[in-house]
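Number 146 in this note's numbering belongs to position 139 of the sequence shown; there are no gaps in the numbering.
C-beta atoms are modelled at their ideal positions from N, C-alpha and C, and glycine is treated no differently.
To keep things clear, I will list the structure first and then write my remarks on it.
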Amino acid sequence: MAQINDNYLKLKAGYLFPEIGRRVRAFAAANPDAKVIRLGIGDVTQPLTPTVLKAFHDAVDDLAKADTFMGYGPEQGYDFLIDAIIEKSYKPLGVELKTTEMFISDGSKCDCANILDIFALDNTVAIGDPVYPVYNDTNVMIGRTGEADEKGYYKGLVYMPCNEENGFFPAYPKEKVDVIYLCFPNNPTGAVATKEQLKGWVDYALANNSIILFDAAYEAFITDPAIPHSIYEVEGAKKCAIEFRSFSKTAGFTGVRCGLVIVPEELEGTTSTGEKYSVNKLWLRRQTTKFNGASYPVQKAAAAVYTDEGWKETKAVIDYYMENARIIREGLSAAGLTVYGGVNAPYIWLKTPAGMTSWDFFDKLLTECNVVGTPGSGFGPSGEGFFRLSAFGNRDNVIEAVERIKKNLK
Ligand SMILES: *Cc1c(COP(=O)(O)O)cnc(C)c1O
8 MAQINDNYLK
18 LKAGYLFPEI
28 GRRVRAFAAA
38 NPDAKVIRLG
48 IGDVTQPLTP
58 TVLKAFHDAV
68 DDLAKADTFM
78 GYGPEQGYDF
88 LIDAIIEKSY
98 KPLGVELKTT
108 EMFISDGSKC
118 DCANILDIFA
128 LDNTVAIGDP
138 VYPVYNDTNV
148 MIGRTGEADE
158 KGYYKGLVYM
168 PCNEENGFFP
178 AYPKEKVDVI
188 YLCFPNNPTG
198 AVATKEQLKG
208 WVDYALANNS
218 IILFDAAYEA
228 FITDPAIPHS
238 IYEVEGAKKC
248 AIEFRSFSKT
258 AGFTGVRCGL
268 VIVPEELEGT
278 TSTGEKYSVN
288 KLWLRRQTTK
298 FNGASYPVQK
308 AAAAVYTDEG
318 WKETKAVIDY
328 YMENARIIRE
338 GLSAAGLTVY
348 GGVNAPYIWL
358 KTPAGMTSWD
368 FFDKLLTECN
378 VVGTPGSGFG
388 PSGEGFFRLS
398 AFGNRDNVIE
408 AVERIKKNLK
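What follows is the structure in structure tokens.
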């Protein structure tokens with residue numbers, strides 16, 4: 008009998024989004040006339056922009072003719088895309104990257120999960136709380152943890168609470184940690200990191216020979232010019248950080264699928280016998296063996312984001328979502344709620360009124376306002392008492408949802 012990887016059995020059966028779906032379906036079945044507005048799941052709603060779409064179509068047409076047909080591409084991605092990202096997205100930040108330091112992928116979720124392949128199991132790993140569940144669950148799946156305790160903390164992982172007291176920014180753990188996940192702008196809290204704050208973590212990592220896994224999936228939503236878009240804006244970060252980016256939220260690619268990982272050539276880890284070894288080499292080996300590249304039309308579409316016209320259109324969609332964020336943030340704040348995020352991130356993290364639990368507030372919003380959000384406790388124990396609303400809805404729905412909540416809370 009083939010034995011399974013029973014680390015998977017430690018996972019608490021897909022609790023969050025399935026449970027939201029179950030409650031929404033039950034409510035909709037009992038109230039067929041209710042117009043339910045969903046500001047829960049972090050998926051975008053606006054279509055691909057015209058310039059991106061044209062590049063996508065043109066690339067598909069290339070595949071239709073023998074002389075322009077493209078088969079397997081480089082596993083690390085095409086240079087036309089890598090060069091465009093380096094020139095248009097990193098150079099303006101003062102970050103110089105080599106093409107060999109960038110790896111194009113089919114999205115950031117897979118990258119955040121797959122990166123664990125190249126690190127030893129006995130590393131001590133630190134994650135935020137609340138957190139993007141992928142970091143937690145992939146560490147459980149790969150066998151780095153024991154069982155979860157009654158709060159939901161897995162034995163063997165170090166959790167860094169992010170709460171009102173610390174401004175949703177993690178403090179350095181008491182124990183020494185080897186791998187640290189940081190996500191800024193943050194999902195779910197919408198918090199951002201200043202350059203000084205990031206420098207603190209870079210200095211910590213350099214002093215402790217740790218590696219930071221920096222998830223910058225929401226960097227395009229930063230509006231404050233003082234907030235860094237890349238961890239490499241901090242000196243020394245190339246020696247201690249891997250950065251993840253995604254076209255999903257930036258350019259509406261949640262269904263198209265394209266992301267990227269930066270693994271600087273200066274970045275080193277140690278072997279079990281204590282010698283230094285290039286992390287870039289390991290990731291290249293991993294990708295060339297286990298991945299065959301993002302598709303050619305997808306990479307062409309992604310490259311079009313960085314043309315002048317493409318970026319103007321993409322930026323307009325981002326501005327649209329950020330105007331939604333402003334409407335939600337200001338509306339709920341006027342209704343007397345304490346709200347965080349929504350300024351440099353497309354998420355609003357609100358404190359539930361009168362100390363309600365996250366799920367009680369979910370039920371109240373669903374049944375009384377017919378608005379769906381995400382209970383903060385689903386992202387980790389420190390999310391209890393908070394609630395996430397996403398700015399990715401369409402404008403009319405956002406306005407109506409805010410009006411309903413305002414009226415309800417009066
Ligand atoms: C949406 C999101 C991603 C991107 O995932 P894709 O697989 O690229 O769609 C990565 N990290 C966080 C925190 C996210 O919310």
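The alpha helix (DSSP H) enclosing residue i, as first and last residue numbers
i: SER365; result: 365-371
i: CYS117; result: 115-121
i: VAL51; result: First-last for VAL51: undefined, no H or E at that position.
i: ALA36; result: 23-37
i: VAL140; result: It should be noted that the sequence gives Pro, not Val, for residue 140. Taken as a continuous stretch (DSSP letters only), the alpha helix (DSSP H) holding PRO140 covers 140-148.
i: VAL59; result: 57-69
Reduced DSSP category for residue i - H, G, I as helix; E, B as strand; rest coil
i: PRO232; result: coil
i: SER112; result: strand
i: LEU267; result: strand
i: ASN130; result: coil
i: ALA311; result: helix
i: LEU100; result: helix
i: PHE254; result: helix
i: THR201; result: coil
i: ILE92; result: helix
i: ALA408; result: helix
i: MET329; result: helix
i: ALA323; result: helix
i: LYS105; result: coil
i: MET77; result: coil
i: LYS417; result: coil
i: LYS181; result: coil
i: SER340; result: helix
i: GLY174; result: coil
i: THR280; result: coil
i: PHE298; result: coil
i: PHE11; result: Here residue 11 is Ile; the residue named in the question, Phe, does not match the sequence. Correct three-state label for ILE11: coil.
i: PHE386; result: helix
i: VAL209; result: helix
i: THR374; result: helix
i: PRO304; result: helix
i: ASN194; result: coil
i: GLU226; result: helix
i: PHE260; result: coil
i: LEU291; result: helix
i: LEU18; result: coil
i: ASP86; result: helix
i: GLU242; result: coil
i: ASN215; result: helix
i: ASP403; result: helix
i: ASP124; result: helix
Counterpart residues of residue i in DSSP-defined beta bridges
i: VAL379; result: ARG45
i: MET167; result: GLY135
i: GLU275; result: SER285
i: LEU220; result: TYR188 and ILE249
i: TYR347; result: TRP356
i: PHE393; result: LYS358
i: ALA155; result: TYR161
N-terminal and C-terminal residue of the beta strand (DSSP E) that residue i is part of
i: LYS358; result: 354-358
Burial state of residue i (16 or more Cβ within 10 Å)
i: HIS236; result: buried
i: GLN306; result: buried
i: TYR328; result: buried
i: ALA233; result: exposed
i: ASP118; result: buried
i: MET109; result: buried
i: ILE269; result: buried
i: MET8; result: exposed
i: PRO39; result: exposed
i: THR277; result: exposed
i: ARG336; result: buried
i: ASN287; result: buried
i: ASP144; result: buried
i: ARG264; result: buried
Evaluate the contact criterion for the stretch 181-195 versus the stretch 217-226: three or more CB pairs, one atom per stretch, below 8 Å.
yes
Using 8 Å as the cut-off, can you tell me whether the stretch 22-40 makes contact with the stretch 369-378, which would need three or more C-beta pairs spanning the two stretches below that distance?
yes
When the Cβ atoms of the stretch 41-50 are set against those of the stretch 307-314, are three or more pairs found closer than 8 Å?
no
Check whether the stretch 238-256 and the stretch 101-116 are in contact - that is, three or more C-beta pairs closer than 8 Å.
yes
Within 8 Å, do at least three Cβ pairs link the stretch 391-407 to the stretch 352-371?
yes
Do three or more CB pairs link the stretch 293-305 to the stretch 113-128 at distances below 8 Å?
yes
Touching or not, the stretch 157-169 and the stretch 178-186, by the rule of three or more beta carbon pairs under 8 Å?
yes
Touch check for the stretch 56-75 and the stretch 316-326: three-plus C-beta pairs under 8 Å?
yes
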